[in-house]
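So the structure is just underneath, and the comments pick up after that.
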Amino acid sequence: MTSFAKPSINLKNAKRNKLGLTRRDYEGAMSTLCAGCGHDSVTACMAKAFFELSIEPHRAVKVSGIGCSSKTTAYFLSEAHGNNTVHGRMPSVATGAAAANTELTYIGVSGDGDSLSIGLGQFAHAIRRNVNMLYVLENNGVYGLTKGQFSASSDIGSRSKKGEENLSPPIDPVSLGLSLGATFVARGFSGDRAQLVPLIKAGLKHNGFALIDIVSPCVSFNDHKGSTKSYAHTFQYYHPAVHADYVPMADDIKTSYEDGEAVPVELHDGGMIMLRKLDKDYDPQDRAAAYAQVAKRAAKGEIITGLLYVDESQKDMAAMNKMTATPLNALPYESLCPGAASLADLQNRYR
Amino acid sequence: MSFSPDINDFVIKLANVNGTGSSSANGLLMKAIFRMGVPVVGKNVFPSNIQGLPTWYEIRVTGEGHMARSGTVDMMVAMNANTYARDIAALSPGGILLYDSTWPRQHVLSRADVTVLGVPFAQMCNEAFSAARSRVLMKNMAYVGTVAALLDIDPDVVRELVREMFAAKPKLIDLNMQAISLGYEYAKANFACPLDFRVEKLNKTVGKIMIEGNAAAGLGCVYAGATVGAWYPITPSTSLMDGFKAWCEELRVDKETGEHNYCIIQAEDELAAIGMVLGASWNGARAFTPTSGPGISLMSEFIGFAYYAEVPLVLFDVQRVGPSTGMPTRTQQGDVQMCAYASHGDTRHMLLFPAHPGECFSLAVDAFDIAERYQTPVFVLSDIDIGMNDWMVDELEWDDARRPDRGKVYSAADLEKMDKFYRYRDVDGDGIPYRTIPGTHPKGAYFTRGSGHNADGAYTENEAEYQEVLDRLKRKWENAAEHLPPPITHTAKGGKARFGIIAYGSSDGAVMEACAKMAKEGIHVDYMRIRSFPFSQEVSQFVDAHEQVFVIEQNRDAQMRGLLLLETELPREKLVPVLHYSGEPLASHFVHREISALVNAASQKEESA
Ligand SMILES: Cc1ncc(C[n+]2csc(CCOP(=O)(O)OP(=O)(O)O)c2C)c(N)n1
Ligand code: SF4
Ligand SMILES: [Mg+2]
Chain B
1 MTSFAKPSIN LKNAKRNKLG LTRRDYEGAM STLCAGCGHD SVTACMAKAF
51 FELSIEPHRA VKVSGIGCSS KTTAYFLSEA HGNNTVHGRM PSVATGAAAA
101 NTELTYIGVS GDGDSLSIGL GQFAHAIRRN VNMLYVLENN GVYGLTKGQF
151 SASSDIGSRS KKGEENLSPP IDPVSLGLSL GATFVARGFS GDRAQLVPLI
201 KAGLKHNGFA LIDIVSPCVS FNDHKGSTKS YAHTFQYYHP AVHADYVPMA
251 DDIKTSYEDG EAVPVELHDG GMIMLRKLDK DYDPQDRAAA YAQVAKRAAK
301 GEIITGLLYV DESQKDMAAM NKMTATPLNA LPYESLCPGA ASLADLQNRY
351 R
Chain W
352 MSFSPDINDF VIKLANVNGT GSSSANGLLM KAIFRMGVPV VGKNVFPSNI
402 QGLPTWYEIR VTGEGHMARS GTVDMMVAMN ANTYARDIAA LSPGGILLYD
452 STWPRQHVLS RADVTVLGVP FAQMCNEAFS AARSRVLMKN MAYVGTVAAL
502 LDIDPDVVRE LVREMFAAKP KLIDLNMQAI SLGYEYAKAN FACPLDFRVE
552 KLNKTVGKIM IEGNAAAGLG CVYAGATVGA WYPITPSTSL MDGFKAWCEE
602 LRVDKETGEH NYCIIQAEDE LAAIGMVLGA SWNGARAFTP TSGPGISLMS
652 EFIGFAYYAE VPLVLFDVQR VGPSTGMPTR TQQGDVQMCA YASHGDTRHM
702 LLFPAHPGEC FSLAVDAFDI AERYQTPVFV LSDIDIGMND WMVDELEWDD
752 ARRPDRGKVY SAADLEKMDK FYRYRDVDGD GIPYRTIPGT HPKGAYFTRG
802 SGHNADGAYT ENEAEYQEVL DRLKRKWENA AEHLPPPITH TAKGGKARFG
852 IIAYGSSDGA VMEACAKMAK EGIHVDYMRI RSFPFSQEVS QFVDAHEQVF
902 VIEQNRDAQM RGLLLLETEL PREKLVPVLH YSGEPLASHF VHREISALVN
952 AASQKEESA
């Protein structure tokens with residue numbers, strides 16, 4: 001079974017967001033993943049981010065592919081429509097959905113197998129189109145659901161549970177995203193919620209395709225010694241470079257940040273992403289430099305994290321296609337059908 | 352069936368080299384005849400190539416208004432030296448061969464039973480025009496002039512068409528008219544013009560248009576209110592999306608703001624194209640994809656997902672020759688079974704079969720209604736012949752009172768009133784559940800999945816719950832059979848025909864003509880044209896009412912016959928396959944020959960028994 005209904009407990013003194021909703025309102029069915037699976041932590045962070053942003057759950061749309069990671073869209077925001085599509089093809093469904101209605105918040109959840117092998121093409125093209133969505137790639141270096149085969153993100157020299165050594169170079173979603181022109185590229189770790197929740201919030205508020213690659217260990221098949229995607233390995237080589245906070249329009253930015261400490265990035269909704277450099281050599285607004293830094297850290301075996309690149313100035317898919325502001329699925333039929341008189345008229349060219 | 356050329360009843364075939372600009376010249380010729388009020392049938396046979404390979408254009412002038420190729424050639428305009436041998440062989444006895452006599456006549460160009468006319472097209476154009484490209488292009492216009500003189504085509508009509516054609520580049524009007532005159536005058540001076548078979552003005556094209564099926568289908572999508580189109584380029588479906596795009600640019604762009612009321616996405620492949628359609632449709636927009644056989648192969652996983660998760664999809668399969676990439680620019684009805692059962696597991700899909708561009712328009716609109724009514728994939732199975740040839744059809748019509756059937760969708764108000772929404776329950780007992788569109792209401796949410804789900808829309812691995820959903824899907828399907836576009840039956844005179852014909856799609860014109868001809872010869876056959884799948888009861892009843900039914904189709908494996916045998920209780924021996932699968936559009940000559948022979952053989956067998 002993938003989901004059980006969760007008993008709903010009414011927490012009297014629970015914290016409420018601007019909509020008057022509690023954290024509970026952002027939860028979903030009970031997870032059926034293995035205890036300790038990194039994906040469950042990511043799910044919790046997603047719910048928290050949505051809660052904190054006060055997004056109405058039913059105005060969000062969750063899409064996913066196939067894999068343990070892709071199942072998790074059932075485990076948060078039960079009041080949002082979900083579409084657990086087919087393996088590796090979530091980006092296309094998200095693209096079509098985003099075309100039909102630009103007013104909802106779209107979140108795609110995928111795995112490293114789903115995105116980097118069978119779905120690499122769709123993943124790349126959704127980036128190119130700058131589809132306005134948050135794309136969460138729960139990266140554990142294996143195929144969890146099919147029981148432990150190497151995935152395309154396995155590092156050279158990483159060993160499977162059975163002791164086999166991976167010899168092929170990994171596909172790194174962050175480098176790939178940077179090279180494909182992604183407008184928001186981040187990396188997080190399921191073991192660092194303090195960093196991840198703000199990243200998710202920033203990604204949700206970014207206008208365009210926001211990619212978050214999240215190291216999310218698979219406790220059943222890839223958390224052993226010799227694996228480069230284990231909890232232990234990740235903690236050891238973890239290198240946060242840029243912290244990002246989302247600050248809504250109403251909040252006074254001055255109070256929470258010292259001058260010069262943080263770089264603001266203005267968003268379409270009037271809010272801001274505040275970038276705080278943890279690594280002074282790192283510039284998250286210079287694509288080429290970011291790419292070089294990511295490569296340099298990777299060569300050293302380090303796992304660079306944070307909001308690694310952001311560019312708020314690019315057109316998203318809707319803008320590139322000059323789409324009207326009214327969602328296409330809400331346009332009245334009368335405005336779409338040219339009618340009998342036009343039909344008679346336009347056929348003159350065929351006479 | 353013997354055809355002898357006559358006034359307003361003959362076939363010209365033009366043999367050209369691809370990429371030399373011949374197709375606009377040939378189109379001009381056909382349009383001129385149409386403008387003279389004389390019905391025409393045009394077929395473009397082109398290679399999968401941009402420049403250099405042979406290409407043919409066939410124009411049948413048919414005062415009686417037939418809708419298919421006849422299968423004969425009365426005049427051959429042989430402009431491609433590489434195909435001289437086969438082109439002259441294709442000519443009917445007594446026919447006319449027109450060729451470029453700039454170069455010495457090749458020995459292959461002799462046949463005792465045809466008249467050979469040589470015109471030095473290249474030489475004339477080289478003398479008259481200086482630019483290399485115009486010399487090539489103007490040769491085409493020169494033969495248009497010659498053919499116009501030979502066939503008595505009204506020069507004023509030709510001139511008007513040239514003017515329209517180059518309205519945007521007026522300089523070219525004179526140039527082209529000059530070339531046409533060269534050919535025209537040469538013919539007048541050297542040959543006895545006009546020929547015995549020629550064009551004479553009629554008024555049989557009033558209320559008619561000449562249009563390609565793909566342009567009509569694209570227009571149908573506009574009228575259906577489709578807003579999202581996703582595709583991956585593939586001949587012969589590309590021009591359907593080109594058509595939709597052109598219509599949208601004309602009709603759906605806000606004049607002031609430049610904003611679009613639509614979104615067209617060129618996908619990275621067909622897997623993505625259908626995924627986009629699925630996402631858009633699931634999210635409440637009318638969405639479609641045009642493709643051809645190879646695309647359907649790639650889309651199969653999603654098609655099964657949509658069937659089971661009950662997401663409306665509209666697919667246009669403009670069929671081309673397969674298997675694999677086959678002969679991509681030739682026509683076939685080869686995807687019938689693939690589309691009917693696309694994907695793994697117990698899946699089956701609704702199919703619509705337009706017979707001509709007029710139905711490409713009307714069935715395109717219907718397809719969206721059907722897909723949303725039944726929440727399932729719907730395939731419009733057109734083919735190259737319909738999609739990419741100009742057909743003379745009745746003017747397209749629209750009823751301003753028509754509104755889209757969006758099927759069973761709960762609104763926010765509906766949801767507000769209810770306790771809880773269950774996605775896959777059979778509320779009305781017709782097998783069709785209610786759906787909700789994302790973002791409508793907190794109570795409307797459900798989790799769409801291709802894996803086991805129960806009637807409530809929840810995950811299940813329970814056998815009975817899974818089976819309940821599958822059985823309801825079957826009921827939904829069965830109930831739909833009587834509500835899809837019904838077959839069209841033509842009952843032979845006397846009403847007691849022993850034999851019947853079943854055909855579909857682009858075979859219609861050839862079958863209709865052959866039936867009429869056979870009737871004159873005393874062979875009476877009833878004819879049913881199937882327009883949709885699943886089959887209505889009428890189809891079985893038609894077969895039951897005849898001793899034998901000939902199933903005419905354009906594929907090798909008798910796919911429709913197979914479908915009939917699988918889906919009905921009809922006996923095998925009653926359904927006799929009649930198959931044409933060369934890649935050429937079906938000719939009435941072929942149907943007449945095959946059916947007459949089968950009927951005669953059956954009658955003789957009876958006499959000797
Ligand atoms: C077309 C297709 N091929 C294969 C599978 C089997 N399959 C299911 S999940 C999966 C791998 C998932 O890996 P990943 O995306 O990394 O997810 P994880 O389980 O590791 O979170 C595969 C190969 C499938 N569902 N569909
Ligand atoms: S198999 Fe691995 S990825 Fe899947 S649920 Fe278990 S721990 Fe998580
Ligand atoms: Mg994985």
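Going line by line, the protein sequences match chains B and W.
Position one of the first sequence corresponds to residue 1 (the working numbering), numbered consecutively onward.
Position one of the second sequence corresponds to residue 352 (the working numbering), numbered consecutively onward.
For glycine and all other residues, C-beta sits at the position ideal for the given N, C-alpha and C.
*Using DSSP bridges, identify the partner residues of G808 (chain W).*
Partner(s): none; G808 (chain W) has no beta bridge.
_Pull the bridge partners of A366 (chain W) from the DSSP assignment, please._
W:W407, W:A429
*For the region 109-195 of chain B, list the beta strand (DSSP E) runs that are entirely contained and at least 3 residues long, ordered along the chain.*
133-139, 184-189
*asked:* Given the structure, does N140 (chain B) come close to ligand 3, in the sense that its CB is under 6 Å from one of the ligand's heavy atoms?
replied: yes
*Are A854 (chain W) and R880 (chain W) closer than 7 Å when you measure CB to CB?*
yes
*Which one or two residues does DSSP pair with R420 (chain W) in a beta bridge?*
W:A938
*Test item, CB below 5 Å from any non-hydrogen atom of ligand 2*: B:L33, B:C34, B:C37, B:C68, B:G144, B:C218, B:V219, B:S220
*asked:* Rounded to whole angstroms, what is the Cα-Cα separation between S461 (chain W) and L449 (chain W)?
replied: 12 Å
_Can you look up T2 (chain B) in the DSSP assignment and give me helix, strand or coil?_
At T2 (chain B) the pLDDT is 45, less than 50, meaning the model places this residue with poor confidence; the figure from the coordinates comes in the next sentence. It is coil, neither helix nor strand.
*Tell me whether the beta-carbon of V729 (chain W) lies closer than 7 Å to the beta-carbon of A715 (chain W).*
no
*Where do the N-terminal and C-terminal ends of the beta strand (DSSP E) with E563 (chain W) fall, by residue?*
559-563
*What residues of chain B sit near G696 (chain W), judged by a beta carbon separation below 8 Å?*
The contacting residues do not exist; G696 (chain W) stays about 13 Å from chain B at best.
_Looking only at its chain, what residues have a beta carbon closer than 6 Å to the beta carbon of M352 (chain W), apart from the 5 residues adjacent to it on each side?_
For M352 (chain W), the pLDDT reaches just 41, beneath the cut-off of 50, and the residue's location in the model is therefore unreliable, although a value from the coordinates is still provided. Result list for M352 (chain W): K868, H940, H943, in chain order.
*Does L629 (chain W) get closer than 7 Å to chain B when you measure Cβ to Cβ?*
yes
*Compute the beta-carbon to beta-carbon distance between Y231 (chain B) and I303 (chain B), rounded to the nearest angstrom, for a pair I have assumed lies under 8 Å.*
No, Y231 (chain B) and I303 (chain B) are not in contact; Cβ-Cβ is about 12 Å, not under 8 Å.
*asked:* Tell me the rounded alpha-carbon separation between H458 (chain W) and A500 (chain W).
replied: 27 Å
*With C-beta atoms as the reference, is I635 (chain W) less than 7 Å away from I783 (chain W)?*
The question names Ile, but residue 635 (chain W) in the sequence shown is Gly. No. Outside cutoff.
*Using the Cα positions of D753 (chain W) and A340 (chain B), report the straight-line distance between them to the nearest angstrom.*
Strictly speaking, residue 753 (chain W) in this sequence is Arg, with Asp absent from that position. Answer to the nearest angstrom: the Cα atoms are 10 Å apart.
_Buried or exposed by the 16-neighbour rule on C-beta atoms within 10 Å, applied to I401 (chain W)_ = exposed
*asked:* I need the boundaries of the alpha helix (DSSP H) containing M743 (chain W), first residue and last residue.
replied: Here M743 (chain W) belongs to no alpha helix (DSSP H); instead the beta strand (DSSP E) covers 741-745.
*Since A493 (chain W) contacts M475 (chain W) with CB under 8 Å, what's their CB separation in whole angstroms?*
6 Å
*Can we count T22 (chain B) as close to ligand 1, meaning its CB is less than 6 Å from some heavy atom?*
no
*Residues that DSSP places opposite H239 (chain B) in a beta bridge*: B:I304
_Against V665 (chain W), what residues of chain B qualify as contacts under a CB-to-CB distance less than 7 Å, listed in chain order?_
Neighbours of V665 (chain W) on chain B: none; closest Cβ ~13 Å, over 7 Å.
_Is there a Cβ of chain B sitting closer than 7 Å to that of Y961 (chain W), yes or no?_
Chain W is shown only over 352 to 960; residue 961 (chain W) falls outside these bounds and no answer can be derived.
*Shorter than 7 Å from the beta carbon of I560 (chain W) to some beta carbon of chain B?*
yes
*Using a Cβ cut-off of 7 Å (strictly closer), state whether Y282 (chain B) contacts chain W.*
no
*List the whole-angstrom C-beta distance separating V389 (chain W) from L553 (chain W), where the pair is believed to meet the contact cut-off of C-beta under 8 Å.*
5 Å
*asked:* Give me the chain D residues within the contact set of N612 (chain W), using Cβ-Cβ distance strictly less than 9 Å, ordered along the chain.
replied: The question asks about chain D, but that chain is absent: this structure's protein chains are B and W.
*The alpha helix (DSSP H) with Q529 (chain W) in it runs from where to where?*
522-541
*asked:* Does the distance between the C-beta of G422 (chain W) and the nearest non-hydrogen atom of ligand 1 fall short of 6 Å?
replied: no
*So with Cβ pairs under 7 Å, would you call N634 (chain W) a contact of chain B?*
yes
_chain W contact residues for P57 (chain B), given Cβ-Cβ distances below 9 Å_ = P793, A796
*Can you tell me whether R699 (chain W) is buried or exposed, with buried defined as 16 or more other CB within 10 angstroms of its CB?*
buried
*Just the Cα atoms here: how many angstroms apart are S648 (chain W) and P584 (chain W)?*
15 Å
*asked:* When you compare the CB of T95 (chain B) with every CB in chain W, is at least one pair closer than 7 Å?
replied: yes
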